[in-house]
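Visitor: If you use full-length UniProt numbering, the sequence shown corresponds to residues 1 to 1069, in order. Glycine included, each C-beta is placed from N, C-alpha and C at the ideal position. All values derive from a computational prediction rather than experimental measurement.
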Amino acid sequence: MKHRLASQHYWQSTQGLRKALLILCFSGAPFFPVVEHINATVYVTTTVDQQKKEVKGTIYDETNAPVAGATVVVKSSTRGCITDIDGKFSISVNVGDELLVSFLGYQTENVKITTNNDYTVHLKPKVDELDEVTVVAFAKQKKESVISSVTTVKPSELKVPSSNLTTALAGRMSGVIAYQTSGEPGKDDASFFIRGVTTFGYAASPLILIDNVELTTADLARLNVDDIASFSIMKDATATALYGARGANGVILVTTKEGKEGKATVSIRIENSVSTPVRTIETTDPITYMQLHNEAVKTRNPLGVLPYSQSKIDNTIRNLNSYAFPAVDWYDEMFKKYTMNQRVTANISGGGNVARYYIAASFFNDNGVLNVDKQNNFNSNISLKKYSVRSNININLTKTTEAIIRVNGSFDDYRGPIDGGDALYNKVMKTSPVLFPKSFPNVGEYTNNTHLMFGNYGDGTYINPYADMVKGYKDYSRTSIVAQGELKQSLDFITKGLNVRGLISTTRYVYSDVSRYYNPYYYAMGAYDQSKNTYSLTLLNPNGGTEYLNYNEGAKDVTTTNYMEAAMSYNRDFDEHGISGMLVFTRRTQQNSNAGDLQKSLPYKNQGLSGRFTYSYDKRYFAEFNFGYNGSERFAENERYGFFPSFGVGYLMSNEKFWKPLEKTINKLKWKFTYGLVGNDAIGDSNDRFFYLSNVNMNDENKGQDFGTNWGNHINGITVTRYANEVITWEKAKKMNIGIELGLFNKLEIQADVFYEKRNSILMTRSYIPSTMGLTADVRANVGAASGKGIDMSVDYSHSINKDLWVTGRANFTYATSKYEKIEEPDYLGAGTPWRSQVGQKLSQQWGFIAERLFIDEADIANSPEQNFGGKLMAGDIKYKDVDKDGKITEADKVPIGYPTTPEITYGFGLSAGYKGWDLSAFFQGNARSSFWIDPNRISPFIDTDDDNNTHSQNALLKVIADNHWSEANRNIYTFWPRLANESVPNNTQSSTWWMQDGSFMRLKSLELGYTLPERWTRKARISNVRIYLNGTNLLTFSKFKLWDPEMGGNGLGYPIQRVYNIGLSVNF
1 MKHRLASQHY WQSTQGLRKA LLILCFSGAP FFPVVEHINA TVYVTTTVDQ
51 QKKEVKGTIY DETNAPVAGA TVVVKSSTRG CITDIDGKFS ISVNVGDELL
101 VSFLGYQTEN VKITTNNDYT VHLKPKVDEL DEVTVVAFAK QKKESVISSV
151 TTVKPSELKV PSSNLTTALA GRMSGVIAYQ TSGEPGKDDA SFFIRGVTTF
201 GYAASPLILI DNVELTTADL ARLNVDDIAS FSIMKDATAT ALYGARGANG
251 VILVTTKEGK EGKATVSIRI ENSVSTPVRT IETTDPITYM QLHNEAVKTR
301 NPLGVLPYSQ SKIDNTIRNL NSYAFPAVDW YDEMFKKYTM NQRVTANISG
351 GGNVARYYIA ASFFNDNGVL NVDKQNNFNS NISLKKYSVR SNININLTKT
401 TEAIIRVNGS FDDYRGPIDG GDALYNKVMK TSPVLFPKSF PNVGEYTNNT
451 HLMFGNYGDG TYINPYADMV KGYKDYSRTS IVAQGELKQS LDFITKGLNV
501 RGLISTTRYV YSDVSRYYNP YYYAMGAYDQ SKNTYSLTLL NPNGGTEYLN
551 YNEGAKDVTT TNYMEAAMSY NRDFDEHGIS GMLVFTRRTQ QNSNAGDLQK
601 SLPYKNQGLS GRFTYSYDKR YFAEFNFGYN GSERFAENER YGFFPSFGVG
651 YLMSNEKFWK PLEKTINKLK WKFTYGLVGN DAIGDSNDRF FYLSNVNMND
701 ENKGQDFGTN WGNHINGITV TRYANEVITW EKAKKMNIGI ELGLFNKLEI
751 QADVFYEKRN SILMTRSYIP STMGLTADVR ANVGAASGKG IDMSVDYSHS
801 INKDLWVTGR ANFTYATSKY EKIEEPDYLG AGTPWRSQVG QKLSQQWGFI
851 AERLFIDEAD IANSPEQNFG GKLMAGDIKY KDVDKDGKIT EADKVPIGYP
901 TTPEITYGFG LSAGYKGWDL SAFFQGNARS SFWIDPNRIS PFIDTDDDNN
951 THSQNALLKV IADNHWSEAN RNIYTFWPRL ANESVPNNTQ SSTWWMQDGS
1001 FMRLKSLELG YTLPERWTRK ARISNVRIYL NGTNLLTFSK FKLWDPEMGG
1051 NGLGYPIQRV YNIGLSVNF
């Protein structure tokens, strides 16, 4: 229950005092209050007409909770009363009178007095403005008048048991392509694109705005979903043109909640979850590892020395001594089966006619699955604590002036291993299970050692993932604070519908990290006495280990962004004509500390003027024109400003008079068309700040010259590292959209859009600059072009079968594909190899050889085109197709293979149902038409490599390889893995169809069961709503690919995406 009044006992005990105070307060009024009954305070005039009857009643809210303090007034009179704590009232009336029942935050209800003496009134909340409008660029529009392509999603649909909002985007909104490649806390942001990727330039991500202020993906990821009022995806040119320079890749527009008039309401949500990997990598057992390692040597060189003797294998089988004959399951040693996470959110909102407030706070605690024991006095398991606070205050300074103050902050405190969780998963794959144990015990002659004795091999430079996990930790702190002030002024006194608005905002981002670690001592098995089962150890790095924690300060970044916005708008209806217009000026400045060089240290600035003009006739015909005129500091003066216009028209056919006979069947039919130009100034990398300026190294030693009699005087030379180009300009995108909105039976709503985009002026490095020009740096220009097309659609269904049973359904589908239209490349057509051209191919298309099968025998090798990648070819190695028929396999034989790495199809569908207090919902999500590589170099077993940082590794053996590899006993030419080897075989690690995998999948993304306690149970505790729920994410996955979670693509050996089981409690006061 929402009422906050005192208990019935308190109400009764203070009745006399209340009566006296009311009479004093109203002694000068034309009426004075008296208490006719103990249950209600009644106002009567000093000159009362003859009263014919007395009626009583009860007032309830939308949850059937009694409304205390509601006002009941006889229309056109001064007679009235206030309901008591149980929502009851009693008042004297005449038959035919009309009662006006009102309460702050609710619609006023009219009750006609008849011959009845008892009335029940249900108040309805005031309609939320967001249910009637769509949030668009810099404003809100009535939903019926929106002709641009905008997808909105209810914040409740983004509530998943995760502290990262971006992980909830996939499949929830049409037009959004999203996927996640890691489950590591702090590094689990999803990649997402609006209508796919239509540029091969530097930036393809959408613009993210929270309360009109540009923020980062990290800020969106940490946004508390309970604070969100609206979440919109702006997809076409009409929706994004006002953002001009930043709108080419689409816009995500989020507004946060504000307080509403009414009693203070408090909401608290508490969750505790268990997370476990969706799918883990399966490696084979140590015995099989040694046996197949021996086979790998023998099958390539029958005279080769076997790495493992039969005695070692037998003693390992007998588990004679786990230190002398190690058999380590590194995945089991390094990683736990599950971990626990917690989330707590709370907010309070309310206010009156003058001021309204929304104040919120949250705490998220995410932990890793690293199996860190208590050997050290610190814990290096991943622990990410996120705190956030938000305060939105609306103040009516006058009847026409509103001030809004928004302040929010997010604070991350992280601790984890030095290398990070993803690196540790990869290191496990690089470690043999039988070379050494994770550590040796401090026993016997080593009892007095004051350091851990980590296992290693050879010269002590092999990767020991356990040592890397526990040797130290990294702490980082990330803080983001945003403060906004907004002022809205109605100018109705000049002309009705005219308004001005101003906004200023400052954002401060601070990041710092520090690492503390010791250098591990590595030991190897020395002598082993099998008869006594004793051993001695050899210290491999006596001068390399330390017993203290080193201290290493990392990055320290401070970024300050200031933003201002000034807008004037006009919105007015003239009979059947609706007219609106808006002009917005924006300016943004960003300053980075610790920038690293002069150019990056200078403030980043851009500014622009945008406008929108709309016209509607009779709520049937709609037209809209938008523009953005934006300036970017990155370009020379002649190219600095760009003009980006767009227009759209719409026809709401269902508002025609001739549609009346159909309106019960087809309650809505709307057609939309938009076309426009948008821009992108995020081209080139971060080192290309000012394209119109040259970069010159005035002290290049490599370009110097020796002088003097003995050539002993060296003078450094000058090198141009970038040439000035004053004609580099904006990346431009022409976008067209045709859409339809269809409503059926007032229960089913369908929206579908077909879109096309042509992207021009994509920045590229020129390929045809003659070397005779003597240039020392690349030359770049806006010469690239690409196009994209597709369809996105959504279906929403809602039906209340009766007062106790309801059902809703939602589905969406997005198909977005893109291709190269123009790109700098050699003349493949003239060279007779047109298949090598990227023109017409997908933007993220992958290229490689066509692997036909494995070689059958020596004769097959001899009769096949030449494959000379190094090393001797043998039966069981991969055979490639000679595409150009020249008798040898070369780069010219590479062709487009598989689908793009970015999914071309994303979809989602789900159902929700409720019966009385119970509710159940399920949501499925999937991606299709995507491919990824398995990197054979990363999973090739037994390979002993020497990395660039002077560390050795020996790859583990995947179970799938152990079970499905070519051998003399298994000459299947289509088996998963080629002939084994104990060293790299370049022929078998080429990019080819052999390693290309289908990235399509569908998963049960979420499932939730909830129960809302009956109001009669919570009323006495003055609680309006209590809901208990169980839910989970990533519960089931359906895919042809089985080695790891297919959503991770080529990063499958990294930190796995998590399956989450969650229990939660939501309480509203």
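1. Buried or exposed for M698, going by 16 or more other Cβ atoms inside 10 Å?
2. Considering only DSSP beta bridges, list what G416 is partnered with.
3. Please work out which residues of its chain come closer than 8 Å, Cβ to Cβ, to G832, disregarding the five sequence neighbours upstream and downstream, and give them in chain order.
4. How about I270 and L1065: do their beta carbons lie closer than 9 Å?
5. DSSP state of V1060, grouped into three classes?
6. Tell me whether P661 is buried or exposed, calling it buried when 16 or more other Cβ atoms sit within 10 Å of its Cβ.
7. Compare the Cα-Cα distances from P542 to each of T559, E624, K556, H451 and report the closest residue.
8. Whole angstroms is fine: what's the gap from W847's alpha carbon to I666's?
9. Residues in its own chain within less than 7 Å of Y617 by CB, not counting five upstream and five downstream?
10. Between which two residues does the alpha helix (DSSP H) harbouring R1027 extend?
11. Residue range of the beta strand (DSSP E) that V74 falls in?
12. Is the segment 838 to 846 touching the segment 877 to 894, taking contact as three or more C-beta pairs under 8 Å?
13. Can you say whether S380 is buried or exposed, counting buried as having 16 or more other CB atoms within 10 angstroms of its CB?
14. Report all residues from its chain with a CB closer than 6 Å to the CB of L540; omit the five preceding and five following residues, and keep chain order.
15. Please name the residue or residues paired with E98 in a DSSP beta bridge.
16. Which word fits G1052, buried or exposed, when buried means at least 16 other C-beta atoms lie within 10 angstroms of its C-beta?
17. What three-state label does DSSP hand Q180 in the structure shown?
18. What whole-angstrom Cβ distance do G581 and Y570 have, given they're in contact under 8 Å?
19. Runs of 3 residues minimum, wholly inside the segment 485 to 556: which ones carry the beta strand (DSSP E) assignment?
20. State the Cα-Cα distance for the pair G642 and R929, rounded to the nearest angstrom.
21. Taking the Cβ atom as the reference point for each residue, do T83 and G69 lie within a distance shorter than 9 Å?
22. For a test of the three-state rule: what should DSSP assign to L662, helix, strand or coil?
23. May I have the straight-line CA-CA distance separating V328 from K235, to the nearest angstrom?
24. Closest by CA to T71, which one among C81, A65, S77?
25. Do N812 and G171 have their C-beta atoms within less than 9 Å of each other?
26. Kindly identify the DSSP beta-bridge partner or partners of V213.
27. Quick check on DSSP: helix, strand or coil for S439?
28. Distance, Cα to Cα, G175 vs T814?
29. Kindly list the residues whose CB is nearer than 7 Å to the CB of Y756, restricted to its own chain and excluding five residues on each side of it in sequence; keep chain order.
30. Bridge partners of residue 1075, per DSSP?
31. I think L306 touches K312, with their Cβ atoms under 8 Å apart; what is that distance to the nearest whole Å?
32. Rounded to whole angstroms, how far is the Cβ of G1054 from the Cβ of N426, which I believe are closer than 8 Å?
33. Could you tell me how far apart the beta carbons of Y147 and F574 are, in whole angstroms, since I believe they sit closer than 8 Å?
34. Can you give me the start and stop residues for the alpha helix (DSSP H) that T1018 sits inside?
35. Compute the Euclidean distance between the alpha carbons of S767 and P826, then round it to the nearest angstrom.
36. Thinking C-beta only, is I463 closer than 9 Å to E486?
Guide: Walking through what the data contain:
1. To locate residue 698, count along the sequence shown from 1; it is residue 698. Burial check for M698: the Cβ neighbour count within 10 Å stays below 16, so the residue is exposed.
2. Taking the first residue of the sequence shown as position 1, residue 416 is located at position 416. Its beta-bridge partners are K474.
3. Residue 832 sits at position 832 when you count from the first residue of the sequence shown. So the qualifying residues of the chain are D884.
4. Numbered from 1 along the sequence shown, position 270 holds the residue referred to as residue 270. Numbered from 1 along the sequence shown, position 1065 holds the residue referred to as residue 1065. Taking a C-beta distance under 9 Å as the contact criterion, I270 and L1065 qualify as a contact pair.
5. Here residue 1060 refers to the residue found at position 1060 of the sequence shown. Look at V1060 here: in three-state DSSP terms it is strand.
6. On the sequence shown, position 661 is the one that residue 661 refers to. The residue is exposed, with fewer than 16 neighbouring Cβ atoms inside 10 Å.
7. Within the sequence shown, the letter at position 542 stands for residue 542. It is H451.
8. On the sequence shown, position 847 is the one that residue 847 refers to. On the sequence shown, position 666 is the one that residue 666 refers to. For W847 and I666, the gap between their C-alpha atoms comes out near 49 Å.
9. For the purposes of this step, residue 617 is taken as residue 617 along the sequence shown, with counting starting at 1. Correct list, in chain order: E576, H577.
10. The sequence position of residue 1027 within the sequence shown is 1027, counting from 1. No alpha helix (DSSP H) contains R1027, which is instead part of the beta strand (DSSP E) from 1025 to 1038.
11. As a working note, residue 74 is residue 74 in the sequence shown. Taken as a continuous stretch (DSSP letters only), the beta strand (DSSP E) holding V74 covers 71 to 74.
12. No: fewer than three Cβ pairs fall under 8 Å.
13. Stepping through the sequence shown from its first residue, residue 380 is reached at position 380. Counting of Cβ neighbours within 10 angstroms places S380 among the buried residues, the total reaching 16 or more.
14. Residue mapping note: residue 540 aligns to position 540 of the sequence shown, counting from 1. Residues N456, G460, Y522, A524 of the same chain have their beta carbon placed closer than 6 Å to that of L540, with the five preceding and five following residues left out of the count.
15. Along the sequence shown, read from residue 1 onward, the residue named residue 98 stands at position 98. Paired residues: K112.
16. Against the sequence shown, residue 1052 aligns to sequence position 1052. G1052 comes out buried.
17. By one-based count along the sequence shown, residue 180 stands at place 180. Correct three-state label for Q180: coil.
18. Residue 581 sits at position 581 when you count from the first residue of the sequence shown. Residue 570 sits at position 570 when you count from the first residue of the sequence shown. Your pair G581 and Y570 checks out as a contact, with CB atoms roughly 5 Å apart and the cut at 8 Å.
19. Listed in chain order, they are 498 to 517, 521 to 529, 534 to 539.
20. Here residue 642 refers to the residue found at position 642 of the sequence shown. Here residue 929 refers to the residue found at position 929 of the sequence shown. Straight through space, the alpha carbons of R929 and G642 are spaced by roughly 36 Å.
21. Counting from 1 along the sequence shown, the entry for residue 83 is found at position 83. Counting from 1 along the sequence shown, the entry for residue 69 is found at position 69. At a Cβ-Cβ threshold of 9 Å, T83 and G69 count as neighbours.
22. Your numbering for residue 662 matches position 662 in the sequence shown. L662: helix per DSSP, three-state reduction.
23. The residue labelled residue 328 in the question sits at position 328 within the sequence shown. The residue labelled residue 235 in the question sits at position 235 within the sequence shown. Going by the C-alpha atoms only, they are around 52 Å apart.
24. Residue mapping note: residue 71 aligns to position 71 of the sequence shown, counting from 1. Out of C81, A65, S77, C81 has the C-alpha closest to the C-alpha of T71.
25. The residue you call residue 812 lines up with position 812 of the sequence shown. The residue you call residue 171 lines up with position 171 of the sequence shown. In contact: N812 and G171 (Cβ atoms closer than 9 Å).
26. Walking along the sequence shown from the start, residue 213 turns up at place 213. Per DSSP, I210.
27. On the sequence shown, residue 439 is found 439 positions in, with the first residue counted as 1. DSSP places S439 in the strand class (E or B) of the three-state scheme.
28. Taking the sequence shown and counting its residues from 1, the one referred to as residue 175 is at position 175. Taking the sequence shown and counting its residues from 1, the one referred to as residue 814 is at position 814. In a straight line, the C-alpha of G175 is about 5 Å away from that of T814.
29. As a first step, residue 756 is located in the sequence shown; it is residue number 756 there, counting from the start. M736, K789.
30. Limits of the chain in this structure are 1 at one end and 1069 at the other, which puts residue 1075 out of reach.
31. The residue you call residue 306 lines up with position 306 of the sequence shown. The residue you call residue 312 lines up with position 312 of the sequence shown. Contact between L306 and K312 is ruled out by a C-beta separation of about 10 Å, above the 8 Å threshold.
32. The residue given as residue 1054 occupies position 1054 in the sequence shown. The residue given as residue 426 occupies position 426 in the sequence shown. Between G1054 and N426, the beta carbon gap of about 6 Å places them in contact (Cβ cut-off 8 Å).
33. By 1-based counting over the sequence shown, the position of residue 147 is 147. By 1-based counting over the sequence shown, the position of residue 574 is 574. First, the residue type needs correcting, since residue 147 is Ile and not Tyr in the sequence shown. Contact flag wrong, Cβ pair sits at about 20 Å.
34. Here the question's residue 1018 lines up with position 1018 in the sequence shown. Bounds of the alpha helix (DSSP H) holding T1018 are 1015 to 1018.
35. Here the question's residue 767 lines up with position 767 in the sequence shown. Here the question's residue 826 lines up with position 826 in the sequence shown. Going by the C-alpha atoms only, they are around 8 Å apart.
36. Taking the sequence shown and counting its residues from 1, the one referred to as residue 486 is at position 486. Taking the sequence shown and counting its residues from 1, the one referred to as residue 463 is at position 463. It is not a contact, given that the beta carbons lie outside the stated cut-off.
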